[in-house]
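Protein chains in written order, with the numbering used here: chain R, 646 to 797; chain X, 249 to 598. The C-beta atom is built at its ideal place from N, Cα and C for all residues, glycine as well.
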Amino acid sequence: MHITEIFSEEKIEELHMCEDCAQRFLAGGKKVKKPKSKGHPEPDSVFTGGGGPREKSQACPHCGTTFAEYRSTGRLGCPIDYDTFHEDLVALLENVHGETRHNGKVPLNLARHRHHQDELSRLGKELQGAITRENYEEAAKFRDLIKTLESK
Amino acid sequence: MNLDALAQSSGEWLNATGPQSQIVVSTRIRLARNLAAYPFTNRTNNFQKGEIEALVCDKIRLFSFDVDYHHLANMPALDRQVLFERHLISRDMASGEGPRGVAFNSGESISLMVNEEDHLRLQVMRSGLDLQNAWAVIDDMDNQLESKLSYAFSEEFGYLTACPTNVGTGMRASVMLHLPALEHTRHIEQVYRALQKISLEVRGLYGEGSRASGHFYQISNQVTLGKSEPTIIKELGGVIPEIIRYENEARQAWLADSQQPLKDRIQRVRETIKTETQMSCEEAIECLSILRLATALGEAPGLGLAQLDELFIQVQQAHLQKIMGGPLDSEERNTARAQLLRQKLDLAKS
């Protein structure tokens, strides 16, 4: 959660903290220790206890982001993270939005969209793998396949 | 499009012709969208960013909106700052690196940032309080893009964004209000608290993390998930008339206040502009804010809201340097700013 505290016209402080710390902070308990760096003060504490829902090391199979990294930066790594960290994100979304399900606009052609999204997700992963291997010839091939699919 | 020429005037959304322009400067709606095939911007490398940029540039040529794309990667820092000061790009985009850019139309009412925090940030700006029309335009723009690109979308979570605070509709609708009287009476704090209770956010002139300089406040929705776009717009639009009413009451009370007369304040501002040879950006914005209030109340004949709103942009450092035709240090800018205000606001006539 991001909180901008305005002390005066000149003094503005931005705080980035986890939901629990933020709730305590907003309730007036300013005893919350300020994070040493931008992000959650102790990202690892999310996973302490050993019996948590997932291992600390679990990373998104697509982009490699871990939930601790998300906690630290406030940014997810790719669309697949919403599946990978589903349980944690549902709790977070409930806190931020008071709701956990989308109730707005949907793509005009959802069926076409579903098919494309699965295929694009696969091609995107292949593209990233080729770039990591510095195989730019192969990367160009996947790039062209993405372009072709996006043109349909 | 020539950015030097751009600095000489303002976008059409700042022409003070929209509904409630005396208090509502502008309405803005933005949509955050990402492409399904790529990681979010913080995880893409320059190769992928280049791919995304090329893909989007290719598609916007088929847009029914007449926009020009500007690559930011090799654009001089001063030009990027001009685009930021005009609300066309974010602060992060202005200072960032790698392939990224912005497409916008000649009136600057429509823009599309590429490789911002999300791959795409669509934006529509309108003069005054005009949420319904802003939504109609951005919805059309979004549908056109969506028919050519595959967005990252989940039936459960909606449009997927890098930051979960934007997920769902990906929409941030905001209304920029000029509230000098509520700030003067300190009732702005009550407004602030009341808005927070109904999950509306109050920010400064330049959005997240910026201060309410010039007594400008952006009020926007905080919740993006679980509500439809029309509902979000209706809820935001529903509270604005109340704030306008409070501000109008506070303006009348300030006019009638014999302890701290508004007319004296206006006169002091006039004298400052006529006599000061150096002026910081903050001082200039404060003076312009009081003149905007005076104009809205009919206390500054000869001045216009559109003229003043344009100056709020032009007194900022990048615009000032563009207008004066070259780089200026801080002291030179202060001199140029005071000179610009004297020239543009012929206060002897008002």
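- Taking the C-beta atoms as reference points, E301 (chain X) is found no nearer than 7 Å to A566 (chain X).
- The beta-carbon separation of F313 (chain X) and D366 (chain X), rounded to 20 Å, does not stay under the 8 Å limit for a contact.
- Considered as a whole, the segment 305-377 of chain X harbours 316-319, 349-352, 358-362, 368-375 as its complete beta strand (DSSP E) runs of no fewer than 3 residues, in chain order.
- For M389 (chain X), the secondary structure class from DSSP, reduced to helix, strand or coil, is helix.
- Under the 7 Å criterion on CB atoms, N780 (chain R) is classed as non-interfacial with respect to chain X.
- Rounded to the nearest whole angstrom, the CA to CA distance from G346 (chain X) to E437 (chain X) is 41 Å.
- Excluding five sequence positions before and after T543 (chain X), the CB atoms of its chain that fall closer than 6 Å to its own CB belong to L551, L553, given in chain order.
- Closer than 7 Å to the CB of H761 (chain R) there is at least one CB belonging to chain X.
- As DSSP reads the structure, R420 (chain X) sits in a beta bridge with X:R278.
- Q466 (chain X) and R451 (chain X) do touch by the CB rule: their CB atoms are close to 5 Å apart, below 8 Å.
- Rounded to the nearest angstrom, the Cβ distance from L370 (chain X) to L279 (chain X) is 4 Å, consistent with a contact under 8 Å.
- At least one CB of chain X lies nearer than 7 Å to the CB of E744 (chain R).
- Shown here, R434 (chain X) sits in coil according to DSSP, grouped into three states, outside any helix or strand.
- The alpha helix (DSSP H) runs of length 4 or more contained entirely in the segment 462-514 of chain X are, from start to end of the chain, 477-504.
- With contact defined as three or more Cβ pairs closer than 8 Å, the segment 350-357 of chain X and the segment 252-263 of chain X are in contact.
- Here N414 (chain X) is buried. Its C-beta has 16 or more other C-beta atoms within 10 Å.
- Under DSSP, H426 (chain X) takes part in a beta bridge, and its partners are X:F464.
- Around the CB of Q270 (chain X), 16 or more other CB atoms lie within 10 Å, so the residue is classed as buried.
- Across the set R:C723, R:R716, R:K750, the C-alpha of R:K750 shows the shortest separation from the C-alpha of G474 (chain X).
- In the structure shown, Y286 (chain X) adopts coil according to DSSP, grouped into three states.
- Under the 10 Å beta carbon count, N582 (chain X) is surrounded by 16 or more other beta carbons and is classified as buried.
- Counted as a single uninterrupted DSSP element, the alpha helix (DSSP H) harbouring L734 (chain R) occupies residues 731-742.
- For E534 (chain X), the enclosing alpha helix (DSSP H) begins and ends at 529-544.
- Exposure of Y781 (chain R) is indicated by the presence of fewer than 16 other C-beta atoms within 10 angstroms of its C-beta.
- Within chain X, no residue has its beta carbon less than 8 Å from that of E783 (chain R); the closest one is some 12 Å off.
- Between the alpha carbons of L753 (chain R) and L397 (chain X) lies a gap of roughly 12 Å.
- Around S766 (chain R), the beta-carbon contacts reaching into chain X at under 9 Å are A284, A285, A400.
- The secondary-structure analysis by DSSP pairs F401 (chain X) across a beta bridge with X:Y407.
- For R451 (chain X), the uninterrupted beta strand (DSSP E) run begins and ends at 448-451, by DSSP.
- Put simply, the CB of V471 (chain X) is near chain R, with a gap under 7 Å to one of its CB atoms.
- If the five residues before and after E524 (chain X) are omitted, its C-beta is found closer than 7 Å to the C-beta atoms of A586, all from its own chain and listed in chain order.
- Chain X has no Cβ within less than 7 Å of the Cβ of K786 (chain R).
- For R585 (chain X), the enclosing alpha helix (DSSP H) has its first and last residue at 578-592.
- A Cβ-Cβ contact shorter than 7 Å links L738 (chain R) with P412 (chain X).
- Inter-residue distance for L254 (chain X) and L556 (chain X) is about 17 Å (C-alpha atoms, whole angstroms).
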